[in-house]
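K.L.:
In my numbering, the protein residues as written are 1 to 220. Each residue gets a CB set at the ideal place from its N, CA and C atoms; glycine is no exception.
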Amino acid sequence: MRAKLVAFAGRERRDQRKAAQTFEVALRSATGPERAAAQYGSAVVALALEQPAQAASWLAQARETLARTPGAQPDHPFLASLDTRIVLAREGAEAALATLTSAAKTFPDEPELHQLHAELLLRLGRNEQALAYLEDLMALTRSDTDLWRLLADARAALGQTGLAHWATAERYALLGGWAAAVQQLNLAVRDSGLTYYELSQIDARRQHFESELLREREER
1 MRAKLVAFAG RERRDQRKAA QTFEVALRSA TGPERAAAQY GSAVVALALE QPAQAASWLA
61 QARETLARTP GAQPDHPFLA SLDTRIVLAR EGAEAALATL TSAAKTFPDE PELHQLHAEL
121 LLRLGRNEQA LAYLEDLMAL TRSDTDLWRL LADARAALGQ TGLAHWATAE RYALLGGWAA
181 AVQQLNLAVR DSGLTYYELS QIDARRQHFE SELLREREER
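#1: Is the region 22-41 touching the region 68-81 in the sense that three or more CB pairs, one from each, lie closer than 8 Å?
#2: Between Gln73, Phe107, Leu121, which has its C-alpha nearest Ala95's C-alpha?
#3: Would you kindly work out how many angstroms separate the C-alpha atoms of Ala118 and Glu198, rounded to a whole number?
#4: Once you ignore the five residues that flank Trp305 on each side, which residues in its own chain have a CB closer than 7 Å to its CB?
#5: Spatial neighbours of Pro52 within its chain, please: CB distance less than 8 Å, with the 5 preceding and 5 following residues excluded, ordered by chain position.
#6: Using a Cβ-Cβ cut-off of 8 Å, state whether Leu131 counts as contacting chain B.
#7: Run through DSSP, which three-state label would Val44 get?
#8: Count the other C-beta atoms from every protein chain shown that fall within 10 angstroms of the C-beta of Tyr40, then say buried if there are 16 or more, exposed otherwise.
#9: What alpha helix (DSSP H) runs, 4 residues minimum, are completely inside the region 129-192?
#10: Distance check for Asp75 and Ser192, CA to CA, integer angstroms please.
#11: Looking only at its chain, what residues have a beta carbon closer than 7 Å to the beta carbon of Tyr172, apart from the 5 residues adjacent to it on each side?
#12: Looking only at C-alpha atoms, which of Asp83, Pro108, Ala26, Arg28 sits nearest to Gln54?
#13: Using only alpha-carbon positions, find the residue among Leu131, Leu79, Ala104 that is nearest to Ala154.
#14: Going along the chain, which residues of its own chain have a beta-carbon closer than 8 Å to the beta-carbon of Leu59, five neighbours each way excluded?
#15: Using the Cα positions of Phe23 and Leu116, report the straight-line distance between them to the nearest angstrom.
#16: Mapping DSSP to helix, strand and coil, what is Asp109?
#17: Considering Cα atoms alone, identify which of Thr101, Leu97, Leu113 is closest to Arg235.
#18: Less than 8 Å between C-beta atoms, sequence neighbours within five positions excluded: which residues of the same chain meet that for Gln129?
#19: Could you tell me the distance, in whole angstroms, from the CA atom of Glu110 to the CA atom of Ala188?
#20: So, using beta-carbon positions, are Leu134 and Leu113 closer together than 8 Å?
#21: With a threshold of 7 Å, establish whether the CB of Phe78 neighbours any heavy atom of the ligand GTP.
#22: Which residues in the same chain as Gly162 place their Cβ atom closer than 6 Å to its Cβ, once the five residues preceding and following it in sequence are excluded?
#23: Can the beta-carbon of Leu3 be found less than 8 Å from the beta-carbon of Ala37?
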């Protein structure tokens with residue numbers, strides 16, 4: 001996790017090169033899991049710098065290090081996710097989905113892999129499949145902002161404009177953006193395709209968000 005935070009510390013190329021230097025220094029003395037973490041971080045940075053072949057090499061080294069480390073797990077969800085993203089960059093979404101499907105058998109309950117699965121389905125234009133997959137996930141957890149974002153994307157891709165705005169509103173609400181959430185629900189109710197039941201639910205959520213917005217303003 002520390003390596004991941006360092007690798008994603010900035011989006012500018014200078015930030016990524018600085019992260020690469022940090023891992024390079026760590027690799028001079030690190031052993032065991034710490035060495036695997038630095039190799040993983042190097043792979044993340046290489047992929048961000050559009051060097052997927054180098055990223056694949058670092059990832060292979062991280063797995064080799066773990067395999068040689070007594071008591072360490074030979075794989076990790078972060079490595080599986082990165083492997084999928086490397087395959088995506090090198091071979092495309094279809095191959096990446098196959099890689100991810102295999103990894104999911106090892107880590108069936110990993111949220112990051114669930115999110116990546118939905119992203120790949122949307123990238124492949126399998127919008128109905130993505131929507132069904134996301135709705136199954138949402139039945140288990142409704143507090144993941146990334147899942148709400150993807151759900152909004154899936155609904156928008158299927159022309160479900162009102163429901164897409166509703167999903168976006170829920171994401172904003174989780175982030176504490178009550179005003180933005182209310183605005184999204186005001187947009188949602190303009191969709192003439194919504195059912196009476198959906199409109200009723202949206203109205204109830206809007207009242208809740210408005211009360212939270214009022215409470216927030218009174219506390220300032």
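P.N.:
Well, looking at it:
#1: Cβ pair count under 8 Å is three or more, so yes.
#2: For the purposes of this step, residue 95 is identified with residue 95 of the sequence shown, where counting begins at 1. Considering only alpha carbons, the answer is Leu121.
#3: For the purposes of this step, residue 118 is taken as residue 118 along the sequence shown, with counting starting at 1. For the purposes of this step, residue 198 is taken as residue 198 along the sequence shown, with counting starting at 1. One C-alpha to the other measures close to 24 Å.
#4: Given a span of 1 to 220 for the chain in the structure shown, any question on residue 305 remains unanswerable.
#5: Position 52 of the sequence shown, counted from the first residue, corresponds to residue 52. If we look at Pro52 and ignore the five residues flanking it on each side, its Cβ neighbours are Ala46, Ile86, Ala89, Arg90.
#6: Included in the structure is just one protein chain, with no chain B present.
#7: Position 44 of the sequence shown holds residue 44. If DSSP states are grouped into helix, strand and coil, Val44 belongs with the helices.
#8: Position 40 of the sequence shown holds residue 40. Classification for Tyr40: buried.
#9: 145-157, 161-174, 178-188
#10: Locating residue 192 in the sequence shown gives position 192, where the first residue counts as 1. Locating residue 75 in the sequence shown gives position 75, where the first residue counts as 1. If I take the Cα positions, the gap works out to 49 Å.
#11: On the sequence shown, position 172 is the one that residue 172 refers to. Beyond the five residues adjoining it in sequence on each side, Tyr172 comes within less than 7 Å, by CB distance, of Ala180, Ala181, Gln184 in the same chain, given in chain order.
#12: Here the question's residue 54 lines up with position 54 in the sequence shown. With distances taken between Cα atoms, Gln54 lies closest to Asp83.
#13: Taking the sequence shown and counting its residues from 1, one reaches residue 154 at position 154. When only C-alpha atoms are compared, the closest one is Leu131.
#14: For the purposes of this step, residue 59 is taken as the residue at position 59 of the sequence shown. Cβ neighbours of Leu59 beyond the five flanking positions: Gln39, Tyr40, Ala43, Leu79, Leu82, Asp83, Ile86.
#15: Counting from one through the sequence shown, the residue named residue 23 turns up at place 23. Counting from one through the sequence shown, the residue named residue 116 turns up at place 116. Straight through space, the alpha carbons of Leu116 and Phe23 are spaced by roughly 25 Å.
#16: Taking the sequence shown and counting its residues from 1, the one referred to as residue 109 is at position 109. In the structure shown, Asp109 sits in coil (DSSP, three-state: anything other than H, G, I, E or B).
#17: The chain is shown from 1 up to 220; residue 235 falls before or after that span and cannot be answered.
#18: By 1-based counting over the sequence shown, the position of residue 129 is 129. These residues qualify, in order along the chain: Leu121.
#19: By 1-based counting over the sequence shown, the position of residue 110 is 110. By 1-based counting over the sequence shown, the position of residue 188 is 188. Using only the alpha carbons, I get a separation of about 32 Å.
#20: For the purposes of this step, residue 134 is identified with residue 134 of the sequence shown, where counting begins at 1. For the purposes of this step, residue 113 is identified with residue 113 of the sequence shown, where counting begins at 1. No.
#21: The model depicted lacks the ligand GTP and carries no ligand whatsoever.
#22: Taking the sequence shown and counting its residues from 1, one reaches residue 162 at position 162. Ala188, Asp191, Leu194.
#23: Within the sequence shown, residue 3 is the residue found at index 3, counting from 1. Within the sequence shown, residue 37 is the residue found at index 37, counting from 1. A quick correction: the sequence has Ala, not Leu, at residue 3. Taking 8 Å as the Cβ cut-off, Ala3 and Ala37 qualify as a contacting pair.
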